[in-house]
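Peer 1:
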Amino acid sequence: MNSKMALYVLTHGVGLIALALLTHRVAPEMARVTLITGLAGGGFCALWGVFGLLGHRRRVGAVLTLIPVSLVLLTQAVSGWMERGAGKSESLFAPSLMTVMLVTSVGVLTYVLHAGENSPDTHGAKTSGPQPKSK
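Okay, so the sequence shown: first residue is 1086 according to my numbering, each after it adds one.
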């Protein structure tokens, strides 16, 4: 994990905590699981981001945190939208926040899995063979 990726994971963790608290404040009866997931997952993401900024280069901790967080947020977002469609006159704000949490978690997971594989920050200045001469 390079420093840019670590900063993204740290920022996502803090944002996940903030969105979980906001979602629970808006709809406490619907967002209890979202609160727990956001606090735990956001805390671990923040921890992995700090470790990455301190020089820890492995991404496995962030990946193993973001996969279950994304799955739980998927179930919460779907159930939030399904409850909304069941004739209740609640606001769309809580399911929308859950959806934002889900989309950002999947986005950060995708970034952590695929980005930085060929960047100079992760592999150094490796060259394969002689360099062509410039004219």
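Backbone N, C-alpha and C define an ideal beta-carbon position, used for all residues, glycine too.
Give, in chain order, every unbroken run of the beta strand (DSSP E) that is at least 3 residues long and sits entirely within the stretch 1109–1183.
Peer 2: With a minimum length of 3 residues, no continuous beta strand (DSSP E) run stays inside the stretch 1109–1183.
Peer 1: Can you tell which of 1086, 1113, 1121 and 1091 has the C-alpha that lies nearest to the C-alpha of residue 1101?
Peer 2: Here residue 1101 is taken as the residue at index 16 of the sequence shown, counted from 1. Comparing Cα-Cα distances from residue 1101 to each of 1086, 1113, 1121 and 1091, the minimum goes to 1121.
Peer 1: DSSP state of residue 1200, grouped into three classes?
Peer 2: Counted from its first residue, the sequence shown places residue 1200 at position 115. Here residue 1200 sits in coil by DSSP.
Peer 1: Are the CB atoms of residue 1183 and residue 1116 nearer to each other than 9 angstroms?
Peer 2: In the sequence shown, counting from the first residue as 1, residue 1183 sits at position 98. In the sequence shown, counting from the first residue as 1, residue 1116 sits at position 31. Yes, these two residues count as a Cβ contact at 9 angstroms.
Peer 1: Please determine if the stretch 1141–1148 and the stretch 1102–1116 are in contact, where contact requires at least 3 C-beta pairs separated by less than 8 angstroms.
Peer 2: With the cut-off at 8 angstroms, the stretch 1141–1148 and the stretch 1102–1116 do not touch.
Peer 1: Where does residue 1186 fall in DSSP's three states?
Peer 2: Counting from one through the sequence shown, the residue named residue 1186 turns up at place 101. Reduced to three states, the DSSP call for residue 1186 is helix.
Peer 1: In whole angstroms, give me the CA-to-CA distance for residue 1093 and residue 1123.
Peer 2: The count along the sequence shown starts at 1 and reaches residue 1093 at position 8. The count along the sequence shown starts at 1 and reaches residue 1123 at position 38. So the two alpha carbons sit approximately 16 angstroms from each other.
Peer 1: So what's residue 1086 in DSSP terms, helix, strand or just coil?
Peer 2: Position 1 of the sequence shown holds residue 1086. Note: residue 1086 maps to coil in three-state DSSP.
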